[in-house]
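**Q** Have a look at the structure that comes next, please.
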Amino acid sequence: MTMRYFLLGFLLVCAMVVSVAGFRGSLSRRPPIEIFPDMDRQAKLRPQSADDFFPDGYSSRLHVPNTIDRSQPVMVGGKAVFPFEDNPLNTGMQPGTPPGATNFVEVNPLPITAELLARGQERFTINCQPCHGAGADGKGATPRYGMVVIANLHDPRIVRMTDGEIFNTVTYGKNLMQSYAMNLEPRDRWAVIAYVRALQLSRLATVDEVPADQLAALPPNAAPTTNAPPTNAPASP
Amino acid sequence: MSDIFPKWTNKLPAYLIVGGALVGSAVVAGAWYYFTPKYTRVGYQPIQPVSYSHYTHVEQLGMDCRYCHTGVEKSYHSNIPAASTCMNCHNQVLKDDPRLELVRESAATGKPIPWVWIHKTPDYVYFNHSVHVNRGISCFHCHGQINKMDEVQHAQPLSMTFCLDCHRNPAAFIRPVEQVYNLNWQPDSATKQLADGKKLVAQWKVQSLENCSTCHR
Chain A
1 MTMRYFLLGF LLVCAMVVSV AGFRGSLSRR PPIEIFPDMD RQAKLRPQSA DDFFPDGYSS
61 RLHVPNTIDR SQPVMVGGKA VFPFEDNPLN TGMQPGTPPG ATNFVEVNPL PITAELLARG
121 QERFTINCQP CHGAGADGKG ATPRYGMVVI ANLHDPRIVR MTDGEIFNTV TYGKNLMQSY
181 AMNLEPRDRW AVIAYVRALQ LSRLATVDEV PADQLAALPP NAAPTTNAPP TNAPASP
Chain B
1001 MSDIFPKWTN KLPAYLIVGG ALVGSAVVAG AWYYFTPKYT RVGYQPIQPV SYSHYTHVEQ
1061 LGMDCRYCHT GVEKSYHSNI PAASTCMNCH NQVLKDDPRL ELVRESAATG KPIPWVWIHK
1121 TPDYVYFNHS VHVNRGISCF HCHGQINKMD EVQHAQPLSM TFCLDCHRNP AAFIRPVEQV
1181 YNLNWQPDSA TKQLADGKKL VAQWKVQSLE NCSTCHR
């Protein structure tokens, strides 16, 4: 008799525990339990979290005025360029351009190498493709979902634009396009620009420029065979 | 004499042994099942202040993780994007949608959106994102299929065993770097994964890091 009651009670307790605690992996809205929180959560700053040490409560701090990042220089033609220098690599403008003026450099300050283009392709795919599309023709994913204004980077106006002005657009944004300076370091911005130029060239190429072993893949009459100067030649080859 | 120990006490030792064994094994089973991050963490899915969906943005729009989590390949911390990143698109898309009220306010005032932090190792553990993602370890292994989630859910226990299971044998997990951000990628088969993994481990000289000071420094 007692055994039966005991067993019944035992099963009831088990059922209660399981019904309250649930199973592994079931959805929970409450934060995980930390038994000794003083060991798990110590008095140290973790990025992007609230912290009462500073009056405004942010653990991630802005720069103290007149200080700079600890930084690695970029090598431009054998010369080390640091991010704080007045150099076309950082500003897209001729050295000595006064603030407010737009003395854009014509061409990419970095030598165009296969490595730079590969980097540019990767960064373009991450940062630009969602809007401008894989071919930079303004047919990305967002225009299909309600983005009304978008630029086709094959537009003759943009093809003729100096590299420095595109650098300026990526760094500070323009009209409805916002700045990408936080996502792309200066070297990556120039890599993206080099890749955009390659995409633009690909639409202006003639059949003569196609490597011989790829000619067979072209549809007949794909492009003019004459090497007539295209009407909207890129300003900077 | 028979008055002191009534007859039923003859069965008492048996009752105690059987009952004790039952209760004991139930407690052990309960502790084994419940007192582990596999239970306490997996499935944690807080309500976020903005109904942001990784499914919409990653799977439908085809965005790369690094558009928003820009720090993941450069730093130990994989940053949550600022509201201005959202406004890149949402200054045109769903421009006046009430679901994005907090995002617009944050972009205008600079006051951060109070996102709830989901994956959080204890402060005595050192973890580093860039080491892993640049060595062919995908977000998928530690966060699950984020691209299929409308709300982010804690998918893996992130316990010490979980870390060590991979550190002891990285060849079973490592993948080509181009596929790290493609969470839909699957190896063709387990044997092919091991063979290719072994090659990558040799090529990149990946170490098997089991020293305590790797993660507790």
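Those protein sequence lines, which keep their order, are chains A and B.
Going by the numbering used here, the residue at position 214 of the first sequence is 214; the numbering climbs one at a time, nothing skipped.
Going by the numbering used here, the residue at position 38 of the second sequence is 1038; the numbering climbs one at a time, nothing skipped.
Every residue, glycine too, gets a C-beta built ideally from N, C-alpha and C.
Using the DSSP secondary-structure output, state which residues sit across from SER28 of chain A in a beta bridge.
**A** For the purposes of this step, residue 28 of chain A is taken as the residue at position 28 of the first sequence. The partner list for SER28 of chain A (beta bridge, DSSP) reads B:TYR1044.
**Q** I want to know whether the stretch 1132-1150 of chain B touches the stretch 1052-1072 of chain B - three or more CB-CB distances under 8 Å.
**A** Short answer: they touch.
**Q** Once DSSP output is grouped into helix, strand and coil, what is the label at MET177 of chain A?
**A** Here residue 177 of chain A corresponds to residue number 177 of the first sequence, with the count starting at 1. Residue state, collapsed to three classes: strand.
**Q** Please compile the residues from chain B whose C-beta is within a distance smaller than 9 Å of the C-beta of MET147 of chain A.
**A** Against the first sequence, residue 147 of chain A aligns to sequence position 147. In chain order: CYS1089, GLN1092, VAL1093.
**Q** Taking C-beta to C-beta, are GLN1156 of chain B and TRP1115 of chain B nearer than 8 Å?
**A** The residue you call residue 1156 of chain B lines up with position 156 of the second sequence. The residue you call residue 1115 of chain B lines up with position 115 of the second sequence. No, they are not a contact pair.
**Q** Measure from the C-beta of CYS1215 of chain B to each C-beta in chain A and report whether the shortest distance is under 8 Å.
**A** Here the question's residue 1215 of chain B lines up with position 215 in the second sequence. No, because no Cβ of chain A sits closer than 8 Å to the Cβ of CYS1215 of chain B.
**Q** Under 6 Å Cβ to Cβ from ASN232 of chain A, same chain only, skipping five residues before and after it: list those, please.
**A** Residue 232 of chain A sits at position 232 when you count from the first residue of the first sequence. Confidence is the limiting factor: at ASN232 of chain A the pLDDT is only 45, short of 50, which leaves the residue's position unreliable, though a coordinate-based value still follows. So the qualifying residues of the chain are PRO156, VAL159.
**Q** Nearest CA to the CA of ARG187 of chain A: which residue from A:GLY164, A:THR206, A:LEU176, A:ALA15?
**A** In the first sequence, counting from the first residue as 1, residue 187 of chain A sits at position 187. Of the listed residues, the one whose Cα sits closest to ARG187 of chain A is A:GLY164.
**Q** Take HIS154 of chain A and list the residues in its own chain whose beta-carbon comes closer than 7 Å to its own, dropping the five residues that flank it on each side.
**A** Taking the first sequence and counting its residues from 1, the one referred to as residue 154 of chain A is at position 154. ALA136, ASP137, GLN200, ARG203, listed in sequence order.
**Q** With DSSP as the reference, label VAL159 of chain A as helix, strand or coil.
**A** Here the question's residue 159 of chain A lines up with position 159 in the first sequence. DSSP places VAL159 of chain A in helix when its eight states are reduced to three.
**Q** Counting only the same chain and skipping the five closest in sequence on each side, list residues whose C-beta sits under 6 Å from that of THR226 of chain A.
**A** By 1-based counting over the first sequence, the position of residue 226 of chain A is 226. The pLDDT assigned to THR226 of chain A is 47, lower than 50, so where the model puts this residue is not dependable, and the model offers no usable value.
**Q** Fully enclosed by the stretch 1037-1081 of chain B, which alpha helix (DSSP H) runs are 4 residues long or longer?
**A** With a minimum length of 4 residues, the continuous alpha helix (DSSP H) runs that stay inside the stretch 1037-1081 of chain B are 1037-1040, 1065-1068.
**Q** Under a CB-based cut-off of 8 Å, is ASN168 of chain A close to chain C?
**A** Protein chains A and B are contained in the structure displayed, whereas chain C is not.
**Q** Could you tell me which of B:ASP1123, B:ALA1083, B:TRP1032, B:VAL1072 sits nearest to VAL1133 of chain B, measuring between CA atoms?
**A** Counted from its first residue, the second sequence places residue 1133 of chain B at position 133. Answer by Cα proximity: B:VAL1072.
**Q** Are ASN1173 of chain B and ILE1137 of chain B close, meaning C-beta to C-beta below 8 Å?
**A** Numbered from its first residue, the second sequence carries residue 1173 of chain B at position 173. Numbered from its first residue, the second sequence carries residue 1137 of chain B at position 137. Correcting the residue identity first, residue 1173 of chain B is Phe in this sequence and not Asn. Contact flag set, yes.
**Q** Mind listing the chain A neighbours of THR1070 of chain B? Cutoff is C-beta to C-beta under 8 Å, in chain order.
**A** As a first step, residue 1070 of chain B is located in the second sequence; it is residue number 70 there, counting from the start. The answer, in chain order, is MET182, ASN183.
**Q** Spatial neighbours of TYR1044 of chain B within its chain, please: C-beta separation below 8 Å, excluding the five flanking residues on both sides.
**A** Taking the second sequence and counting its residues from 1, one reaches residue 1044 of chain B at position 44. ILE1118, GLN1153, HIS1154, listed in sequence order.
**Q** DSSP state of SER236 of chain A, grouped into three classes?
**A** Counted from its first residue, the first sequence places residue 236 of chain A at position 236. Note that SER236 of chain A has pLDDT 42, beneath the 50 cutoff, so the model's placement of it is unreliable and no number is given.
**Q** Would you say MET1149 of chain B lies against chain A (beta-carbon separation less than 8 Å)?
**A** In the second sequence, the residue the question calls residue 1149 of chain B occupies position 149. Not one chain A Cβ lies under 8 Å of MET1149 of chain B.
**Q** Mind listing the chain B neighbours of ARG29 of chain A? Cutoff is C-beta to C-beta under 9 Å, in chain order.
**A** Within the first sequence, the letter at position 29 stands for residue 29 of chain A. The contacting residues are TYR1044, GLN1045, PRO1046, ILE1047.
**Q** Within 8 Å of any Cβ in chain B, is that where the Cβ of GLN214 of chain A sits?
**A** Taking the first residue of the first sequence as position 1, residue 214 of chain A is located at position 214. Not one chain B Cβ lies under 8 Å of GLN214 of chain A.
**Q** Using DSSP's beta-bridge definition, name the partner residues of MET93 of chain A.
**A** Within the first sequence, numbered from 1, the residue matching residue 93 of chain A stands at position 93. Answer is A:PHE104.
**Q** So which residues of chain B does ARG91 of chain A contact, with C-beta pairs closer than 9 Å?
**A** Within the first sequence, the letter at position 91 stands for residue 91 of chain A. For the sequence presented, residue 91 of chain A should be read as Thr rather than Arg. Going along chain B, no residue has its Cβ under 9 Å from THR91 of chain A, so there is no contact; the nearest lies around 22 Å.
**Q** Would a check of beta-carbon distances place PHE124 of chain A closer than 8 Å to chain B?
**A** Indexing the first sequence from 1 puts residue 124 of chain A at position 124. Judged by the 8 Å Cβ criterion, PHE124 of chain A is not in contact with chain B.
**Q** Going along the stretch 124-140 of chain A in order, which residues come within less than 9 Å of chain B, judged by CB to CB distance?
**A** Flagged, chain order: THR125, ILE126, ASN127, GLN129, PRO130, CYS131, GLY140.
**Q** Could one say the Cβ of SER1208 of chain B lies closer than 8 Å to chain A's Cβ atoms, at least one of them?
**A** As a position in the second sequence, residue 1208 of chain B is number 208, starting the count at 1. No, SER1208 of chain B does not count as interfacial toward chain A.
**Q** For the structure I just gave you, are there three or more beta carbon pairs, one from the stretch 1022-1039 of chain B and one from the stretch 21-36 of chain A, closer than 8 Å?
**A** Touching, per the Cβ criterion.
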